[in-house]
Ligand code: GLU
Ligand code: ZN
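Residue numbers (the numbering used here): 3 to 312.
Written out as structure tokens, the structure is:
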């Protein structure tokens with residue numbers, strides 16, 4: 003049997019200036035894929051229509067290209083699993099959501115925003131954790147289907163098991179486990195027919211044959227939801243590795259309100275891309291010894307996760 007091809011991706015959302023954190027995550031994805039003669043993919047996650055900024059997509063691609071790492075498949079160059087832009091893949095998510103409804107892993111929810119706001123208010127007042135009360139989880143599926151066909155506004159929610167735990171093996175952190183009772187019945191398809199991040203990301207990582215998901219630690223708490231989705235579909239989940247976020251010397255998160263976080267800022271300042279790559283590499287990794295300057299080729303040659311530190 004042939005070895006599984008290593009396929010990794012970054013999945014930036016075009017919501018603003020290309021963030022330096024995206025360059026950092028991209029670098030490690032790139033280096034890991036090249037180390038294993040695999041593929042590095044860019045996928046644009048533009049399903050949040052409220053935050054979408056048209057000019058941002060081209061800026062992200064330009065910034066990553068300036069940063070000096072080249073992708074094998076992406077929105078501008080295509081590839082065998084395209085399109086690489088989520089707004090052009092809606093049929094895949096709608097089909098997948100339907101599949102989960104039919105297999106009783108998901109259900110239609112007709113709750114109005116007024117009802118949900120009211121629920122939240124009551125939960126806050128009684129100091130209960132906020133969350134959906136699973137009001138529509140036990141509706142008769144036939145009846146729900148009739149309401150959908152009649153055009154009633156609805157979302158699709160995923161049925162999270164109410165007991166037990168979900169775990170995954172993080173490439174750096176080891177076993178990470180979450181109690182299912184702490185997870186909400188998350189929305190997977192919104193009323194406008196667009197998927198949420200969770201559904202789109204799982205469906206695409208599966209269809210694009212992503213073998214390793216390497217992303218920021220902000221997504222650790224999303225991963226159990228993704229694992230549950232993979233199980234519900236009967237798909238094998240990729241390996242997950244969550245990298246630390248970039249921080250200030252005092253350990254606080256860098257934020258665009260206080261600091262320049264755009265990749266383009268460094269470009270404008272005249273920082274050379276190879277210097278930025280070297281600098282960002284050392285934010286998480288070191289090759290051992292006291293070598294502080296190395297090229298990306300050298301990094302690929304010497305790279306291993308056991309020299310990565312959180
Ligand atoms: N669209 C997400 C982001 O903007 C992708 C997270 C992931 O890699 O799954 O970071
Ligand atoms: Zn509902």
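We put the beta carbon where it would ideally sit given N, CA and C, even for glycine.
Values in this document were obtained by computation on a predicted structure and should not be read as measured data.
| Does the Cβ of residue 253 have 16 or more other Cβ atoms within 10 Å, making it buried, or fewer, making it exposed? | By 1-based counting over the chain shown, the position of residue 253 is 251. Result: exposed.
| request: Starting from residue 200, trace the alpha helix (DSSP H) both ways and give me its first and last residue. | output: By one-based count along the chain shown, residue 200 stands at place 198. Taken as a continuous stretch (DSSP letters only), the alpha helix (DSSP H) holding residue 200 covers 199-209.
| query | Within the present structure, is the beta-carbon of residue 217 separated from the nearest heavy atom of the ligand GLU by less than 6 Å? | reply | For the purposes of this step, residue 217 is identified with residue 215 of the chain shown, where counting begins at 1. Yes, Cβ of residue 217 sits closer than 6 Å to a heavy atom of the ligand GLU.
| N- and C-terminal bounds of the beta strand (DSSP E) containing residue 21 | By one-based count along the chain shown, residue 21 stands at place 19. Neither: residue 21 is in no beta strand (DSSP E) and is coded neither H nor E.
| query | How would you label residue 58, buried or exposed, when you count the other beta carbons within 10 angstroms and need 16 or more for buried? | reply | In the chain shown, residue 58 corresponds to position 56, counting from 1. Note on residue 58: 16 or more other CB atoms within 10 angstroms of its CB, so buried under the neighbour-count rule.
| Whole-number beta carbon distance between residue 107 and residue 234, since they are thought to touch under 8 Å | Sequence index remark: in the chain shown, residue 234 carries index 232 (1-based). Sequence index remark: in the chain shown, residue 107 carries index 105 (1-based). That belief holds up - the Cβ atoms of residue 234 and residue 107 are roughly 4 Å apart, short of 8 Å.
| For residue 179, which of 186, 167, 185 and 189 has the nearest alpha-carbon? | In the chain shown, residue 179 corresponds to position 177, counting from 1. For residue 179, the nearest C-alpha among the options comes from 167.
| field | Coil, strand or helix - residue 68 by DSSP | value | Mapped onto the chain shown, residue 68 falls at position 66. Three-state result, residue 68: helix.
| task | Take every Cβ of the segment 68-82, pair it with every Cβ of the segment 34-50, and state whether three or more of those distances are shorter than 8 Å. | result | The segment 68-82 vs the segment 34-50: in contact.
| request: Note down the Cα distance separating residue 175 from residue 186, rounded to an integer number of angstroms. | output: Working through the chain shown from its first residue, we reach residue 175 at position 173. Working through the chain shown from its first residue, we reach residue 186 at position 184. In this structure, the straight-line span from the alpha carbon of residue 175 to that of residue 186 is close to 24 Å.
| Between the Cα of residue 244 and the Cα atoms of 31, 52 and 135, which residue gives the shortest distance? | As a working note, residue 244 is residue 242 in the chain shown. Proximity to residue 244 across 31, 52 and 135 peaks at 31, based on C-alpha coordinates.
| request: Return the chain-ordered list of same chain residues with a C-beta closer than 8 Å to the C-beta of residue 154, the five sequence neighbours on each side being excluded. | output: Counting from one through the chain shown, the residue named residue 154 turns up at place 152. Contacts found: 112.
| Between which two residues does the beta strand (DSSP E) harbouring residue 245 extend? | Counting from 1 along the chain shown, the entry for residue 245 is found at position 243. For residue 245, the enclosing beta strand (DSSP E) starts and ends at 241-245.
| Ordered list of alpha helix (DSSP H) runs contained in the segment 50-100, each at least 4 residues | Taken in chain order, the whole alpha helix (DSSP H) runs of length 4 or more contained in the segment 50-100 are 56-69.
| query | Is it the case that the Cβ atoms of residue 149 and residue 109 are separated by a distance below 7 Å? | reply | Walking along the chain shown from the start, residue 149 turns up at place 147. Walking along the chain shown from the start, residue 109 turns up at place 107. 7 Å or more divides the Cβ of residue 149 from the Cβ of residue 109.
| query | Going by the C-beta, is residue 137 closer than 6 Å to any heavy atom of the ligand ZN? | reply | For the purposes of this step, residue 137 is taken as residue 135 along the chain shown, with counting starting at 1. The answer is yes for residue 137.
| said: Tell me which residues share the same chain as residue 193 and place their Cβ nearer than 7 Å to its Cβ, disregarding the 5 neighbours each side in the sequence. | reply: Taking the first residue of the chain shown as position 1, residue 193 is located at position 191. Non-local beta-carbon contacts of residue 193 in its own chain, meaning distances under 7 Å to residues more than five positions away in sequence, involve 155, 156 and 157 in chain order.
| Measuring CB to CB, does residue 87 end up less than 7 Å from residue 46? | Within the chain shown, the letter at position 85 stands for residue 87. Within the chain shown, the letter at position 44 stands for residue 46. Taking 7 Å as the Cβ cut-off, residue 87 and residue 46 qualify as a contacting pair.
| Cβ-based burial, residue 242 [other Cβ within 10 Å; buried from 16] | Within the chain shown, residue 242 is the residue found at index 240, counting from 1. Buried, by the Cβ-count rule.
| field | Which of helix, strand or coil DSSP assigns to residue 36 | value | Residue 36 sits at position 34 when you count from the first residue of the chain shown. Assignment of residue 36 by DSSP, reduced to helix, strand and coil, places it in the helix class.
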